[in-house]
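Q: Below is a structure I'd like to ask you about.
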Amino acid sequence: MKITAQKLSRPLNHLLLTATNTGSKTCMLPPYPAARFGEAQSVPPVAEATKPQSLTGVAPGESGYAGVLLSAGDGSGENGYETNTLTIPFEDGSIATVALPAGGVYVDTALTVTYWQTDVDAALGF
Numbered sequence: 260m261k262i263t264a265q266k267l268s269r270p271l272n273h274l275l276l277t278a279t280n281t282g283s284k285t286c287m288l289p290p291y292p293a294a295r296f297g298e299a300q301s302v303p304p305v306a307e308a309t310k311p312q313s314l315t316g317v318a319p320g321e322s323g324y325a326g327v328l329l330s331a332g333d334g335s336g337e338n339g340y341e342t343n344t345l346t347i348p349f350e351d352g353s354i355a356t357v358a359l360p361a362g363g364v365y366v367d368t369a370l371t372v373t374y375w376q377t378d379v380d381a382a383l384g385f
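Oh and the sequence shown: position 109 is 368 in the working numbering, straight run, nothing missing.
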């Protein structure tokens, strides 16, 4: 599984995570990415409204998607910081190190992730 992160111009302060199956068998993604930005001690909450009816399976060569709200657009988030690192652990004990956009990203207490989805629009619809 290869995970990439793409900063989006719209919606504002969002990142799109793409998990592409580079193997030869269908892989089941965990319910949502337990994303760890920088030295964060906890994982961000998940947007419950994005919960699919079942786990997202990704066939070889296919991708799953998750959205990340990085920070509050109105400045209401607290304890913000810049980071250049993102790691995402998997249930088998492996940890993906995900390259962030050049210059890193700013996160604050508004940080939220979606469940993994098979559709980009569903991943960003929160």
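Backbone N, C-alpha and C fix where the C-beta goes; we use that ideal spot for every residue, glycine too.
Identify whether GLU307 lies in helix, strand or coil by the three-state DSSP scheme.
A: helix
Q: PRO319: buried (16+ other C-beta within 10 angstroms of its C-beta) or exposed?
A: exposed
Q: In the DSSP assignment, find the unbroken alpha helix (DSSP H) run with ALA382 in it and report its ends.
A: 379–382
Q: Select from ASP333, ALA264 and GLY363 the residue whose C-alpha is nearest the C-alpha of THR342.
A: GLY363
Q: So is VAL305 buried or exposed if we call it buried at 16+ other beta carbons inside 10 Å?
A: With a threshold of 16 other beta carbon atoms within 10 Å, VAL305 meets it and is buried.
Q: So ALA325 and TYR374 are in contact, right, with Cβ under 8 Å, and what is the actual spacing, rounded?
A: 7 Å
Q: GLY323: buried (16+ other C-beta within 10 angstroms of its C-beta) or exposed?
A: buried
Q: Could you spell out the range, first to last residue, of the beta strand (DSSP E) harbouring SER322?
A: 322–328
Q: Considering only the alpha carbon of each residue, which of ARG295, PRO270 and GLN312 lies closest to GLY332?
A: PRO270
Q: Could you tell me which residues DSSP puts in a beta bridge with VAL366?
A: TYR340
Q: Determine the direct distance from the alpha carbon of LYS310 to that of ILE347, and round the result to whole angstroms.
A: 19 Å
Q: Apply the 10 Å Cβ neighbour rule to VAL379 and answer buried if 16 or more other Cβ atoms are within range, or exposed otherwise.
A: exposed
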